[in-house]
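**Q** Sharing a structure below in structure tokens format, with a few things to ask.
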Amino acid sequence: MDTLRRSYAAVPTGEPVRLAKRTSNLFRPRSAPRTPGLDVSGLNGVLSVDPAGRTADVQGMCTYEDLVDATLPHGLMPLVVPQLRTITLGGAVTGLGIESTSFRNGLPHESVRELDVLTGSGEIVTARPDGEHADLFTAFPNSLGSLGYATRLRIELQPVGRYVALRNVRFTQLEALTDAIAEVTATRSWAGEPVDAMDGVMFSPGEAYLVFATFTDGAGPPSDYTGQGIYYRSLRRRTRDVLTAYDYLWRWDTDWFWCSSAFGAQHPVVRRLWPARYRRSDFYHRLVRLEHRHQVAARIDRLRGQPARERVVQDVEIPLDRTADFLRWFAGAVGMNPVWLCPLRLREPAGPGSARSWPLYPLRPGEDYVNIGFWGSVPIAPGAADGDVNRTIERRVSESGGHKSLYSDAYYDRDAFDRLYGGDTWRAVKDRYDPDHRLTGLYEKAVARA
Ligand SMILES: Cc1cc2nc3c(=O)[nH]c(=O)nc-3n(C[C@H](O)[C@H](O)[C@H](O)COP(=O)(O)OP(=O)(O)OC[C@H]3O[C@@H](n4cnc5c(N)ncnc54)[C@H](O)[C@@H]3O)c2cc1C
1 MDTLRRSYAA VPTGEPVRLA KRTSNLFRPR SAPRTPGLDV SGLNGVLSVD
51 PAGRTADVQG MCTYEDLVDA TLPHGLMPLV VPQLRTITLG GAVTGLGIES
101 TSFRNGLPHE SVRELDVLTG SGEIVTARPD GEHADLFTAF PNSLGSLGYA
151 TRLRIELQPV GRYVALRNVR FTQLEALTDA IAEVTATRSW AGEPVDAMDG
201 VMFSPGEAYL VFATFTDGAG PPSDYTGQGI YYRSLRRRTR DVLTAYDYLW
251 RWDTDWFWCS SAFGAQHPVV RRLWPARYRR SDFYHRLVRL EHRHQVAARI
301 DRLRGQPARE RVVQDVEIPL DRTADFLRWF AGAVGMNPVW LCPLRLREPA
351 GPGSARSWPL YPLRPGEDYV NIGFWGSVPI APGAADGDVN RTIERRVSES
401 GGHKSLYSDA YYDRDAFDRL YGGDTWRAVK DRYDPDHRLT GLYEKAVARA
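Under full-length UniProt numbering, the first residue of the sequence shown is numbered 1, with each subsequent residue one higher.
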């Protein structure tokens with residue numbers, strides 16, 4: 001902690017403060033730092049797991065990969081495990097994360113009991129749902145490091161079996177799919193079998209799948225999609241499947257959902273030659289960063305006379321009753337596929353009506369949403385500008401009563417951004433914990449790419 005404090009004190013006033021961290025899952029390109037970042041090298045471990053109390057004390061930069069390695073031997077997992085191995089606990093709490101348990105457990109920050117935060121004023125405070133720093137606790141999710149850095153978090157854990165039994169259910173009508181999500185969210189079961197986790201994939205409005213997952217000790221033998229098999233394709237081929245709990249948690253990491261195809265990694269010959277240790281989202285992310293820097297593919301496209309492309313990498317949350325309409329609109333207007341579907345509802349720890357709200361990402365308590373994820377690019381149409389498709393999506397999301405995550409490109413003007421992301425709350429908490437505004441502001445990070 002002293003190393004962290006010292007490195008914070010060493011950043012000259014007026015210079016941006018950045019984490020000196022090996023991995024990142026942020027997607028927008030950022031300006032290169034001019035000063036050394038915060039030394040967080042000693043903050044990437046699991047401090048303790050309490051199997052009886054079902055909690056863990058974890059350092060802020062601990063990756064979910066390391067966290068799961070520490071909890072699974074106890075038959076436990078965090079309540080929500082984002083799909084990409086190198087997402088850190090602090091990153092998921094400050095930048096939001098989501099996964100297939102979110103229809104019952106909400107988002108990762110909703111199972112945090114307390115967190116230590118290095119604030120902009122250089123102090124370390126412990127924030128809890130109540131008490132002196134409750135304002136920081138409530139404003140921290142979706143603040144993206146603009147209020148302070150989480151150095152330790154105490155989180156809740158839940159039991160998980162050794163295996164996960166999957167049912168891949170096909171839908172040819174989007175309304176039937178959203179009805180099924182409503183039913184499973186309300187009853188936590190489908191066709192008489194319990195559902196512990198649920199997500200899905202839309203290949204087209206006439207072909208979409210929900211995957212109902214049940215944690216169990218008694219299934220097997222498990223499939224393996226870390227080798228030549230490719231997980232997302234299995235949804236079209238199999239109606240039932242089994243994975244180990246470990247492979248289930250990382251099922252989307254091996255091929256970065258389906259995005260590994262952009263690098264040829266799904267071609268049978270390339271896949272056989274591609275070293276298994278590089279079939280991971282952080283490796284693909286490094287390739288994307290190289291492309292951002294050197295623009296090799298963009299230059300080849302230009303030489304071939306292909307139109308320039310707009311990056312469309314977004315996760316949006318749409319109210320369940322508007323989801324079918326949004327998906328049909330998206331298929332026609334944007335046309336990217338596949339699309340990831342992940343139902344969610346703010347956590348209700350003590351039953352209906354007990355959800356808290358989080359001002360910087362104001363989902364409505366008691367309402368069901370579907371997170372819709374699409375990650376790729378589209379050609380820029382003649383006469384259109386880079387960013388136009390993203391702006392159209394932003395408008396449509398707002399018209400649908402939805403929200404957009406901020407890990408990628410955003411184009412809102414400041415007023416709209418303040419309205420959508422709790423600007424008044426953010427400013428009050430910022431003034432209290434970072435009075436000299438040493439940490440980059442939320443709008444500057446999310447929209448201005450500072
Ligand atoms: C293609 C793509 C798909 C994604 N899909 C999913 C998904 O399916 N599920 C999901 O859960 N998430 C998803 N994400 C989002 C991801 O969870 C967030 O971007 C998360 O913030 C990344 O965490 P990180 O640890 O890699 O943080 P970084 O990328 O390193 O940092 C993200 C931001 O958080 C700040 N930050 C990092 N650590 C801390 C800390 N300890 N305290 C305070 N601030 C901190 C940084 O300053 C930065 O502004 C996706 C992102 C991408 C790019």
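C-beta: ideal position from N, C-alpha, C; glycine also.
All figures in this text were calculated on a predicted structure; none of them were measured in a lab.
Heavy atom of ligand 1 less than 7 Å from the Cβ of P343, yes or no?
**A** no
**Q** Could you check how far apart the C-beta atoms of M1 and I155 are, in whole angstroms? I think they sit under 8 Å.
**A** Not confirmed; about 19 Å, so no contact.
**Q** Please report the residue range of the alpha helix (DSSP H) in which E207 lies.
**A** Where E207 is concerned, there is no enclosing alpha helix (DSSP H), although the beta strand (DSSP E) it sits in stretches over 207-216.
**Q** Where do the ends of the beta strand (DSSP E) carrying A134 lie?
**A** Careful: A134 lies outside any beta strand (DSSP E), inside the alpha helix (DSSP H) at 134-139.
**Q** Quick check: the Cα distance between L327 and V201, rounded to an integer number of angstroms?
**A** 11 Å
**Q** Report the option in Y149, D325, R280, V429 whose CA atom is closest to the CA atom of L4.
**A** Y149
**Q** From the DSSP secondary-structure annotation, give me the bridge partner or partners of M77.
**A** DSSP output for M77 lists Q158 as bridge partner(s).
**Q** In the segment 302-360, which residue ranges form an unbroken beta strand (DSSP E) of at least 3 residues, counting only runs that do not cross its ends?
**A** 309-319, 339-344
**Q** Just to confirm the assignment, what range does the beta strand (DSSP E) spanning P379 have?
**A** 369-379
**Q** Could you pull the start and end residues of the alpha helix (DSSP H) that D418 belongs to?
**A** Note, D418: alpha helix (DSSP H), 414-420.
**Q** Per DSSP, what kind of secondary structure is H109 in: helix, strand or coil?
**A** helix
**Q** When you measure from the CB of T23 to every non-hydrogen atom of ligand 1, does any distance come out below 7 Å?
**A** yes
**Q** Among T185, S234, Y232, Y246, which one has its Cα closest to the Cα of D215?
**A** Looking at the sequence provided, one finds Phe at residue 215 rather than Asp. Comparing Cα-Cα distances from F215 to each of T185, S234, Y232, Y246, the minimum goes to Y246.
**Q** Taking I87 as part of the alpha helix (DSSP H), name the residues at either end of that continuous run.
**A** No alpha helix (DSSP H) contains I87, which DSSP labels as neither H nor E.
**Q** With a threshold of 7 Å on Cβ separation, who are the neighbours of P159 within its own chain once the five nearest residues in sequence on each side are excluded?
**A** Counting only Cβ-Cβ distances below 7 Å, and skipping sequence neighbours, we find G75, L76.
**Q** Compare the beta carbon distance of T226 and A276 with 8 Å and say whether it is the shorter of the two.
**A** yes
**Q** Would you decide whether D224 is buried or exposed? Buried here means 16 or more other CB atoms lie within 10 Å of its CB.
**A** exposed
**Q** Considering only heavy atoms of ligand 1, does any lie closer than 7 Å to the CB of Q83?
**A** For Q83, the shortest separation between its Cβ and any heavy atom of ligand 1 lies below 7 Å.
**Q** Going by other Cβ atoms of all chains shown within 10 Å of its Cβ, with 16 needed for buried, is P78 buried or exposed?
**A** buried
**Q** The alpha helix (DSSP H) spanning I124 covers which residue range?
**A** No alpha helix (DSSP H) contains I124, which is instead part of the beta strand (DSSP E) from 124-127.
**Q** Using the three-state DSSP reduction, which class does D224 fall into: helix, strand or coil?
**A** coil
**Q** For V313, verify whether its CB is less than 7 Å away from any heavy atom of ligand 1.
**A** yes
**Q** Are three or more beta carbon pairs between the segment 101-108 and the segment 340-355 nearer than 8 Å?
**A** yes
**Q** When burial is assigned at 16 or more other CB atoms within 10 Å of the CB, is E132 buried or exposed?
**A** exposed
**Q** Whose C-alpha, out of V389, P349, W250, is nearest the C-alpha of G335?
**A** V389
**Q** With which residues is G14 paired in a DSSP beta bridge?
**A** Per DSSP, none; premise fails for G14.
**Q** So, at 6 Å on beta carbons, what are the nonlocal neighbours of T239 in its own chain, with the 5 sequence-adjacent residues on each side left out?
**A** N168
**Q** How about the segment 58-72 and the segment 368-376: do they share at least three Cβ pairs that are nearer than 8 Å?
**A** Too few Cβ pairs lie closer than 8 Å, so no.
**Q** Here's the rule: buried if 16 or more other CB atoms are within 10 angstroms of the residue's CB, otherwise exposed. What is E399?
**A** exposed
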